[in-house]
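Visitor: As they're listed, the protein sequences go chains A and B.
If you count the first sequence from 1, position 8 lands on 101 in the working numbering, and the numbers rise without skipping.
If you count the second sequence from 1, position 171 lands on 569 in the working numbering, and the numbers rise without skipping.
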Amino acid sequence: MNNKQKPEMPITQTVFTLDDDFSLINAFNDGDQSAFSRLVSRHKEKVRNLIYATLGDARNVEDISQEVFIIVYHKLHTFRFQSRFTTWLYRITINKCKDHLRRVKLRSIFTYLHSEDAEKVTVSSSESFDIKQVVREAVNRLPEKLRYPLILRDFEGCSYEEIADVLETEIGTVKSRIFRAREFLKKDLEPLKNELL
Amino acid sequence: MKITNKILENLSAYLDGELTPEERFETEELLKSSPQIQEEYQKIKSLKDAINNFKPLPPDEYFETRLAPKLKTGYNFLDKYRIPRPAILFAGATVILMILLQSGSDFFEEWFSQGKSGLESFYSKNLTSLLMAADLTNEDLFDFAFNKNLPLDETGNKVLAIGTDETGKEFLEVKYAGAVQPGLKLNDFYRQFNLNQEQQNKVDSILDSYSDRLASVVLVNDKNTIAVNPELWRYHSRLRQDLLAYASSVNREAVVTAFGGESEFNDLMREPEPMPVPVMPASAENYYFITPDSIFFSRAVVDENRIQNDIARIRKRVKSVSEDDRIRLDLSPVFSEQGELTKSGSMRVMINDNSIRVVIPENISPLEKNRDLEKLASKLDSAFKQLKKKNMEFKFDMPPVAGSEFRVNVRTEGRSGRASYSYGYDAPDMVIIKKDSIKKIKPLDSVFISKQFRETHFPDSMSVEKLQKLADSLSKKFGKDSQWFNNQPDLDQFFRDNFADTSRIFKDRLREEMRQEWLLFRKEMNRLREEMRRFREDLNPQKKKQEAEPIEIRYNIET
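1. Just checking: is the beta-carbon of residue 232 of chain A within a distance shorter than 8 Å of some beta-carbon in chain B?
2. When the Cα atoms are used, what is the spatial distance from residue 468 of chain B to residue 171 of chain A?
3. Please work out which residues of its chain come closer than 7 Å, Cβ to Cβ, to residue 970 of chain B, disregarding the five sequence neighbours upstream and downstream, and give them in chain order.
4. At a CB-CB cut-off below 7 Å, which residues of chain A make contact with residue 464 of chain B?
5. List, in chain order, every chain B residue whose beta-carbon is nearer than 9 Å to that of residue 182 of chain A.
6. When the Cα atoms are used, what is the spatial distance from residue 583 of chain B to residue 636 of chain B?
7. Got a sec: is the Cβ-Cβ distance from residue 406 of chain B to anything in chain A below 8 Å?
8. Just to confirm my understanding: we take residue 248 of chain A, look at its own chain, exclude 5 residues before and 5 after, and list those with CB closer than 6 Å. What are they?
9. Could you run through the region 415-429 of chain B and flag, in chain order, every residue whose CB is less than 7 Å away from some CB of chain D?
10. What does a CB cutoff of less than 6 Å around residue 243 of chain A pick up in its chain, not counting 5 residues either side in sequence?
11. Are the CB atoms of residue 626 of chain B and residue 685 of chain B within a distance shorter than 8 Å?
12. Just verifying my parser: in three-state terms, what is the DSSP assignment at residue 562 of chain B?
13. What whole-angstrom Cβ distance do residue 413 of chain B and residue 446 of chain B have, given they're in contact under 8 Å?
14. Please report whether the beta-carbon of residue 96 of chain A lies at a distance below 8 Å from any beta-carbon of chain B.
15. Can you find the residues in the same chain that come closer than 7 Å, C-beta to C-beta, to residue 406 of chain B, ignoring five residues on each side of it along the sequence?
16. Closer than 7 Å by beta-carbon distance: list the chain A residues that pair up with residue 452 of chain B, in chain order.
17. Got a sec, what are the start and stop residues for the alpha helix (DSSP H) residue 120 of chain A sits in?
18. Does residue 448 of chain B get closer than 8 Å to chain A when you measure Cβ to Cβ?
19. Quick check on residue 119 of chain A - is its C-beta less than 8 Å from some C-beta in chain B?
20. Excluding the 5 residues flanking residue 230 of chain A on each side, which residues of the same chain have their C-beta closer than 8 Å to its C-beta?
21. Does any residue of chain B have a CB that is nearer than 8 Å to the CB of residue 166 of chain A?
22. Strictly under 8 Å for the Cβ-Cβ distance: is residue 569 of chain B near chain A by that measure?
23. Does the CB of residue 216 of chain A have a neighbour CB from chain B at under 8 Å?
24. May I ask you to verify whether the region 459-468 of chain B touches the region 154-164 of chain A, counting CB pairs closer than 8 Å and requiring at least 3?
25. Mind checking who residue 607 of chain B pairs with in its DSSP beta bridge?
26. Return the first residue and the last residue of the beta strand (DSSP E) that residue 618 of chain B is part of.
27. Are the C-beta atoms of residue 279 of chain A and some chain B residue less than 8 Å apart?
28. Should residue 197 of chain A be flagged as near chain B, meaning a C-beta pair shorter than 8 Å?
29. Just curious, the alpha helix (DSSP H) that residue 435 of chain B is in, first and last residue?
30. If you draw a straight line from the alpha carbon of residue 125 of chain A to that of residue 119 of chain A, how long is it in whole angstroms?
31. Are there 16 or more other CB atoms within 10 angstroms of the CB of residue 918 of chain B, so buried, or fewer, so exposed?
32. Would you mind working out which of B:564, B:631, B:563 sits nearest residue 615 of chain B, comparing C-alpha positions?
33. Mind checking if residue 209 of chain A is an interface residue toward chain B, Cβ cutoff 8 Å exclusive?
34. With 9 Å as the C-beta to C-beta threshold (strictly closer), list the residues of the region 129-143 of chain A near chain B in chain order.
35. Let me know if residue 234 of chain A comes out buried or exposed under the rule of 16 or more other beta-carbons within 10 Å of its beta-carbon.
36. Could you name the residues of chain B that residue 127 of chain A contacts, counting a contact when the two beta carbons are closer than 7 Å?
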């Protein structure tokens with residue numbers, strides 16, 4: 094039984110202003126190409142960083158984020174205004190990340206993991222020991238099912254309801270997965286608890 | 399107060415502001431009353447803060463600039479719904495089409511075919527026989543016959559395996575060689591059935607004949623594509639049968655013994671239908687394609703003549719170069735034509751860090767289900783497991799002089815590879831036996847163990863039964879060599895002082911001690927086995943098992 098509350102957009106919220114996402118989408122659908130540029134400018138960094146947080150390295154962020162906006166460009170007319178634009182955008186982004194990770198997994202059968210690791214490019218820190226980087230790596234070690242809701246919550250600030258919508262699951266499941274992800278991280282980062290506190 | 403998962407889960411949601419008013423009230427009360435819960439709360443909060451503070455990527459100022467040109471080309475098939483097409487463009491396209499149609503239909507056929515099977519054509523380019531690409535030897539083919547593995551490259555890092563899963567469905571698997579259990583080797587086969595040189599040559603010729611037939615069944619290319627014809631399963635069964643039939647014709651007794659007795663062997667040999675030799679060529683023009691990006695099933699007609707010519711050419715060149723020289727292969731694509739099937743459905747694919755397993759869907763499996771053949775295959779499997787167990791040797795080197803180190807050497811040359819172990823035993827401890835310490839003969843926990851592995855494989859076939867045999871032999875040897883103990887001055891004195899019939903008591907007591915030691919020895923061996931398993935895992939980090947995730951891959955090939 095799906096107990097997820099589908100967000101019904103009240104009529105009062107459909108009064109658009111020039112700057113909000115809905116008005117930009119409407120403008121684009123009416124033929125204003127510049128509205129799409131403004132939509133990209135508003136969300137590109139969120140999308141790039143969501144991909145970065147999800148994949149754990151910066152190598153494929155550019156390609157995937159561009160692919161995300163290409164899909165948005167071609168499918169924006171199908172957007173139904175029943176949820177926030179960001180929910181829809183994040184769903185596309187997460188699905189692209191999933192596709193990418195699946196391909197990487199398939200490819201890893203044919204290449205040595207070591208060489209893959211050696212090429213990994215991350216945003217480096219000038220410090221030799223960067224607690225943030227350690228936490229980021231621990232997040233990357235989370236199983237995908239736990240990683241996505243945690244990143245959407247703690248990195249993107251989405252509500253449980255939005256996360257449930259993005260991941261097409263139930264709110265109870267989101268709550269449980271975020272809890273399990275934090276328990277996983279607590280155990281994983283146990284040796285660093287003093288540095289974290 | 400016991401902190402339950404429910405409390406922790408609510409703490410986590412409380413921090414996110416996602417609790418109902420009632421839950422929030424309960425959680426706040428708990429926080430006020432319990433320092434432990436406060437501590438847990440702080441831990442979660444610290445983690446949340448750390449993730450919140452992830453360093454973002456530097457902003458990309460030129461993102462839109464790079465995106466703009468891609469927007470027009472990224473999703474052409476959708477553009478038609480968005481961008482109105484002026485009639486003039488349509489008219490222009492029609493004119494161009496007419497001109498091209500007049501110039502010849504080949505262009506369109508090619509273009510249309512490429513459009514339909516872009517992926518297939520890309521990955522099927524330059525496919526050539528695995529036999530040549532991986533430089534397969536007769537040992538490899540033997541390994542395939544009995545262990546169902548074929549190396550996929552010259553270095554043998556990856557193997558192609560076939561098998562049947564727990565639900566009885568055939569599967570194909572590409573995996574790292576490190577994840578493969580070593581099996582019966584060709585030399586073991588020769589030795590097991592005492593085949594002389596001439597007979598070994600005959601086995602080689604059987605393997606040679608199959609190598610020709612296998613040439614068009616497994617194909618690979620530089621894009622890491624592996625194309626497998628379903629005939630592979632048939633060849634596997636028949637090759638194994640032929641080898642077995644030949645072995646039984648030259649040394650029936652040994653084969654019968656290996657298969658656990660006359661009745662079992664007769665049953666095994668009576669069961670199969672007569673298999674035509676030579677084996678049918680790869681007639682089914684269907685291949686399973688495993689590529690780095692996708693897995694699909696497609697019809698492809700292999701140019702058999704091309705492959706056979708290549709083989710002949712390679713063999714000619716092999717004869718003209720020395721063994722150490724490498725031959726550079728220069729082979730042309732082997733597909734003479736490529737077509738489509740009218741099947742659709744989904745394939746179940748299991749992927750973990752070590753392997754990718756494709757379960758062959760029944761509706762595209764052209765394998766004829768032959769119950770007798772399947773029954774035979776399962777019997778052969780169990781029989782060869784027996785063979786694997788029997789093919790072990792133990793040697794014991796008894797100590798030649800008193801007071802020196804006493805060593806037990808165990809050598810195994812079995813299906814699981816060769817391994818040699820040497821157990822050092824501190825002999826002086828044996829000769830200073832005192833009346834009250836006779837039960838304290840230094841047990842195996844004091845034994846230092848040196849291990850030499852000619853190969854890194856630990857014999858997984860070191861069964862309890864075999865170890866028992868080892869212990870019994872050890873015990874017998876001690877019985878025979880008890881004279882050695884009697885020659886020891888300390889022991890002589892000990893026996894003279896304490897016992898009338900020293901030799902009998904000595905033997906009885908010693909046997910008892912040996913039994914005790916055997917139990918310790920067995921325990922130690924189990925510990926060692928576990929240790930070696932971990933050691934192997936450390937050497938091959940990819941081998942750490944992860945639960946395979948099933949992926950459903952749709953295939954839909956239209957006519």
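Where is the CB? At the ideal position from N, CA and C, for every residue including glycine.
Guide: Let's see:
1. yes
2. 20 Å
3. This structure leaves residue 970 of chain B out entirely; chain B is present only between 399 and 957.
4. 159
5. Within 9 Å Cβ-Cβ: nothing; residue 182 of chain A doesn't reach chain B, min ~14 Å.
6. 18 Å
7. yes
8. 146
9. Judged by its chain identifiers, the structure shown contains no chain D, and its protein chains are A and B.
10. 271, 274
11. yes
12. strand
13. 6 Å
14. Bear in mind that a pLDDT of 43 at residue 96 of chain A, under 50, signals an unreliable position, so the number given afterwards is only what the model happens to contain. So, not an interface residue.
15. 438
16. 146, 225, 229, 248
17. 114-122
18. yes
19. no
20. 149
21. yes
22. no
23. Reliability of the predicted coordinates at residue 216 of chain A is poor, the pLDDT of 35 falling under 50, and the value obtained from them is presented with this limitation in mind. Yes, its Cβ sits closer than 8 Å to a Cβ of chain B.
24. yes
25. Answer is none; residue 607 of chain B lacks a bridge partner.
26. 616-618
27. yes
28. no
29. 433-450
30. 9 Å
31. exposed
32. B:631
33. With a pLDDT of 38 at residue 209 of chain A, under the threshold of 50, the modelled position of this residue cannot be trusted, and the question is left open.
34. 129, 130, 133, 134, 137, 138, 141, 142
35. exposed
36. By Cβ distance, chain B contributes nothing, its closest Cβ being about 11 Å from residue 127 of chain A, past 7 Å.
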